[in-house]
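J.:
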Amino acid sequence: MKADAATRSTLLNRFKSRLQTGQKAIRESYLAKPDALRLLHERCRLIDEVLCDLWHELGFPAPLALLRWAAMGAASYFRHPTSTFCCSCRKRQTLR
Amino acid sequence: MLLPKAPDAALTERLEQLVSLFWDIGLEIGHSVRTVEECLDEAAGDVTIQTSLLEARRLTGSERLFRKFLSGFKAHLYPQSFFHAKRMEQDERHLRYLETPYSLEPNCKESPGGLRDLQSILWIAQAAGYGNSWPDLERHGFITHEEEQHLERCEGFLQRLRSQLHIHVGRREDRLLFDYQTALAQQLGFEATPTRRASEQLMQEYYRTAKTITQINTILVQNIGAAIFPPPDQPPKPISENFQNAHELLDVVDEDTYNKSPRAILEGFLLMQQHPELKGMTARTLRAQWRARSHIDDDFRANPDNRALFLELFKQPRGIIHEFRRMNHFGILGRYLPNFGKIVGQMQHDLFHVYTVDQHILQVMRNLRRFTMDEFAHEYPVCSRLISDFERPWVLYIAALFHDIAKGRGGDHSELGTADAQAFCDSHGLDAEDSELIVWLVRHHLVMSNVAQKQDISDPDVVVAFTHIARDERHLIALYLFTVADIRGTSPKVWNAWKGQLLEQLFSATRRLLLSGGEAPVAQGIIQERQREAMRLLRYFALSDTVHERLWKQLDTVYFLRHSAEEIAWHTRALHYRIHVDQPVVKARINPQGEGLEVMVYTLDQPDLFARLVGFFGRAGYNILDAKIHTTRHGYALDSFMLLDVSGRDSDREMISYVEHELLQRLIHQSPPEAPGNGRVSRQVKHFPIQPQVSIEPDEKGVLFVLSVIAADRPGLLYTVATTLAAHGANLHTAKIATLGERVEDTFLISGGDLAESASRIRLETELLEQLQR
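Chains as they are written, first to last, in the numbering used here: chain D, 39 to 134; chain C, 4 to 777.
(1) Less than 6 angstroms between C-beta atoms, sequence neighbours within five positions excluded: which residues of the same chain meet that for Gly-719 (chain C)?
(2) Can we say the segment 623-632 of chain C touches the segment 733-740 of chain C, given the rule of at least three CB pairs closer than 8 angstroms?
(3) For Pro-7 (chain C), go through chain D and note every residue whose CB falls closer than 8 angstroms to its CB, in chain order.
(4) So, using beta-carbon positions, are Ala-591 (chain C) and Ile-659 (chain C) closer together than 8 angstroms?
(5) According to DSSP, simplified to helix, strand and coil, what is Val-172 (chain C)?
(6) Hey, could you find the ends of the beta strand (DSSP E) Lys-590 (chain C) is sitting in?
(7) Residues of chain C with CB closer than 8 angstroms to the CB of Leu-54 (chain D), please, in chain order.
(8) Which partner residues does Ala-733 (chain C) have in the DSSP bridge list?
(9) Within 10 angstroms of the Cβ of Asp-94 (chain C), are there 16 or more other Cβ atoms? Answer buried if so, exposed if not.
(10) Within 8 angstroms of any Cβ in chain D, is that where the Cβ of Gly-283 (chain C) sits?
(11) Should Asp-86 (chain D) be flagged as near chain C, meaning a C-beta pair shorter than 8 angstroms?
(12) Within 10 angstroms of its Cβ, does Gln-58 (chain D) collect 16 or more other Cβ (buried), or is it exposed?
(13) I'd like the list of long-range same chain contacts for Ala-109 (chain D), defined as Cβ closer than 7 angstroms, with 5 residues on each side in sequence excluded.
(14) For the 8 angstroms Cβ check, are there 3 or more pairs between the segment 536-553 of chain C and the segment 570-581 of chain C?
(15) Can you tell me the Cα-Cα spacing of Gln-129 (chain C) and Ala-286 (chain C), whole angstroms?
(16) Ser-438 (chain C) and Ile-490 (chain C) - do their beta-carbons sit closer together than 8 angstroms?
(17) If I measure Cβ to Cβ from Leu-1 (chain C) and keep anything under 8 angstroms in the same chain, skipping five residues before and after, which residues do I get?
(18) Output yes if chain D places a C-beta closer than 8 angstroms to the C-beta of Ser-65 (chain C); else output no.
(19) For the segment 266-282 of chain C against the segment 309-319 of chain C, are there 3 or more C-beta pairs whose distance is under 8 angstroms?
(20) His-79 (chain C) and Ala-131 (chain C) - do their beta-carbons sit closer together than 8 angstroms?
(21) Can you name, in chain order, every residue of its own chain whose Cβ lies under 7 angstroms from the Cβ of Phe-232 (chain C), other than the five neighbours on each side?
(22) Kindly indicate which three-state DSSP category Ala-43 (chain D) falls into: helix, strand or coil?
(23) Mind checking which residues open and close the alpha helix (DSSP H) that includes Leu-80 (chain C)?
(24) Are the C-beta of Ala-128 (chain C) and some C-beta of chain D separated by less than 8 angstroms?
(25) Does any residue of chain D have a CB that is nearer than 8 angstroms to the CB of Leu-156 (chain C)?
(26) Between the Cα of Ser-643 (chain C) and those of C:Gly-348, C:Gln-557, C:Ala-426, C:Arg-565, spot the shortest distance and give me the residue it belongs to.
(27) Closer than 6 angstroms by C-beta to Tyr-483 (chain C): which residues in its own chain qualify, once you throw out the five before and the five after it? Chain order, please.
(28) Counting only beta-carbon atoms, is Ala-74 (chain D) nearer than 8 angstroms to chain C?
(29) Where Asp-611 (chain C) and Leu-721 (chain C) are concerned, what is the direct C-alpha to C-alpha distance, given to the nearest angstrom?
(30) Check the Cβ of Gln-167 (chain C) against every Cβ in chain D and list those closer than 9 angstroms, keeping chain order.
(31) Indicate the three-state DSSP secondary structure (helix, strand or coil) for Val-649 (chain C) in the structure shown.
(32) Within 10 Å of its beta-carbon, does Gln-362 (chain C) have 16 or more other beta-carbons around it, so buried, or fewer, so exposed?
(33) Shorter than 8 angstroms from the beta carbon of Met-330 (chain C) to some beta carbon of chain D?
(34) Can at least three beta-carbon pairs, one atom from the segment 366-386 of chain C and one from the segment 457-476 of chain C, be found at a separation below 8 angstroms?
(35) CB Ser-202 (chain C) to CB Ala-213 (chain C), shorter than 8 angstroms?
(36) Any idea what DSSP makes of Arg-581 (chain C), helix, strand or coil?
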């Protein structure tokens, strides 16, 4: 699906707000109970989910794939390379 | 974004739209759009891209395409080349951070012992097919379960620290700057004790973790390397019952060697010293040694064989520093000497040490050792000459090991350390003479530095008092060598030629006194000798034998005691024809015995003269190292200064005429004292300030007063002291300025005002303290 200007604007506002709300909630949760590793895991999951959902919203064809990795110099938390590991918290994550 | 084939225009537009949306919603991400073939082409020969791709995980989309990419990538990934490339990358990164985890402001991600060192291990392991996690490495037999847990803890600590740092700073920042250390310590639950700040405890935890990581990194990278590269088909050569030479590496005959014979732990280091052909230890030796370190317990330490072996390590002709550093690196030294273990990774924010205590101790040993090596004889010829005649120099290395071992316990570490040194000497069977010297050195290791830098070493009484401490030539030489090595081992910034000159002067004067039987020379005798020498020097300038008479008539005993013959001759040459001149005289020259400028000022006494001079030198970019203030019998000030350029100009010669002309103008016009520029205080001083200390005590003769000031260095500090003294009507006679990194310890000899009254002294002390606290 190719997004026209109105659709794009709606998508942008929705995802921007979701990202901000999610980040705020993570920050508040951290301030209430400082656990740096949980914070990292939650941030990682939030971003993964936002990326995936945007991908699906724009309806990319099935033969394509969206990959993620940490480049040199970027945050080192997102270490685990196989598709079923999420960041350094080692918690298994269900990815669609 | 991984594509099965090159995108058409429509898909390209949609992909661009996606990336633009990522950014617009607030995700700052790098991206690439590639086919599998493009990924493989990009990765070929570029270790950075290979590493990134190694970490790729599928978020969504075609699993089949992702599998195709993975299998293609693995087929093109050569573990041996990847290993070499990652190792080189790591070596270069370590070099960028000066190969030490112990920087005052380390980078918790990139510094040696940081998170990147852990990642490198896993990348290498993953490329070689050994998995991508610590449990995987355990499964492949590279680490034990206990080591796996240990690694998890280290990694967890660094991750918590780094996350907290990002949260505290509010952005991605990996440097543990002074600015953040105190707050981070508090946020991570460290609490200050009476002897240690919370930040010091945090940093010790960091340094210990980083050290463990560097150890494990060394061992694991070497072990994975050994698995990737099959060893050449050549049998090892036996060295001893426990060890063999395997391709120029020390190798245990079997991995159980250390368990069967724990003494082999120390034997290994001794063999490394005794066999120059050995370039290191094999991977399995390092691993076995790491696992066996818990064998070093009370029984091990009490074993006479082990004690004898440990002592042998100090006495070998080569490899001493290398092996002590290796023992410390792998935690063996701290196990054998538990009190040494306590100071490992301990940083002290005293504003002049830039190394942790263990690193400083090994640096002092290294400096002492360097004096004995021909290839470094040009660095400190006097020290090299002295140590070449010094019997059993290894006693100095033992003293070095103990001199700061009691740091951080509270109290006087020199005194507390003597108990450790004595216990070591007793338990290791050192004879009475060597034990006494070691313990004496630990107790007095700061004395010579203090006397040289804070007292008037041209005063015969000061030298006599120091001679009583030094007692004999062997003790004096030992202390001199030790002091030079110790100051140089504190920080690269602390040592300078001026300090070297002061120590050498004190050493020579004390040695002369000791060799003459310890009889204190009569002041008059010293003065006559200096005057004779000054007259001899004046003859070189074709000046008559009576040229000095008019000036010297105006100078008293104190002047001749405080100035060298060379300085007296210089002053005389400059002033003999203008004793009663109205206009001030300013002469400057390159310090004849080292770096910096020497400046002489001769003028009818004027108010605020010292403050005016200090302000001028400060504004000209000079630090005053030493000041001698003298008033002649006919009321002229005759002051001399040793100055060190701190502006980084490196052009003392060009500054001579500037100083002579500009200072003269200010003295002629008696312009008001100008405060030096308000440069910024260093971040270290800002975040780890020290409480200023001021004391005024009558000198031994009760005529003058000794003002001692200890404070964090800052621009204009001396000017503040000078103006405060002037406001209290105090006259300055000498100023000894000792700058130790970011800390100053100044000593002034003052008189006048109401200093004889204790209440006035307290008023002056209080005002100085207030000024220094501003």
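Just so you know, even glycine gets a beta-carbon here, dropped at the ideal spot from N, CA and C.
T.: So, from the data block:
(1) Ala-678, Pro-679
(2) Judged by Cβ distances under 8 angstroms, the segment 623-632 of chain C makes contact with the segment 733-740 of chain C, as three or more pairs qualify.
(3) Pro-101, Leu-102
(4) yes
(5) Val-172 (chain C): helix per DSSP, three-state reduction.
(6) 588-593
(7) The amino acid occupying residue 54 (chain D) in the given sequence is Lys; Leu does not appear at that position. Under the 8 angstroms cutoff, chain C gives Asp-27, Ile-28, Gly-29.
(8) C:Gly-755
(9) The residue is exposed, with fewer than 16 neighbouring Cβ atoms inside 10 Å.
(10) False, the Cβ-Cβ gap to chain D never drops below 8 angstroms.
(11) yes
(12) exposed
(13) In this prediction, Ala-109 (chain D) has a pLDDT of 40, which is less than 50 and means its spatial position is unreliable; nothing more can be read from the coordinates.
(14) yes
(15) Distance between the alpha carbons of Gln-129 (chain C) and Ala-286 (chain C): 19 angstroms.
(16) The answer is no: Cβ separation not under 8 angstroms.
(17) Outside the shown range of chain C, which is 4 to 777, sits residue 1 (chain C), and nothing can be said about it.
(18) yes
(19) yes
(20) no
(21) Cβ within range, chain order: Gln-83.
(22) Helix at Ala-43 (chain D).
(23) From DSSP, Leu-80 (chain C) is part of no alpha helix (DSSP H); its letter is neither H nor E.
(24) no
(25) According to the sequence displayed, residue 156 (chain C) carries Arg and not Leu. By this cut-off, Arg-156 (chain C) is not an interface position.
(26) Ranking the options by Cα distance to Ser-643 (chain C), first place goes to C:Arg-565.
(27) If you ignore the 5 residues before and after Tyr-483 (chain C), its C-beta comes within less than 6 angstroms of the C-beta of Phe-510, all in its own chain and listed in chain order.
(28) yes
(29) Between Asp-611 (chain C) and Leu-721 (chain C), the C-alpha separation is close to 13 angstroms.
(30) Pro-72, Ala-74
(31) coil
(32) buried
(33) no
(34) no
(35) Cβ distance not < 8 angstroms, so Ser-202 (chain C) and Ala-213 (chain C) don't count as in contact.
(36) The answer is coil: DSSP assigns Arg-581 (chain C) none of H, G, I, E or B.
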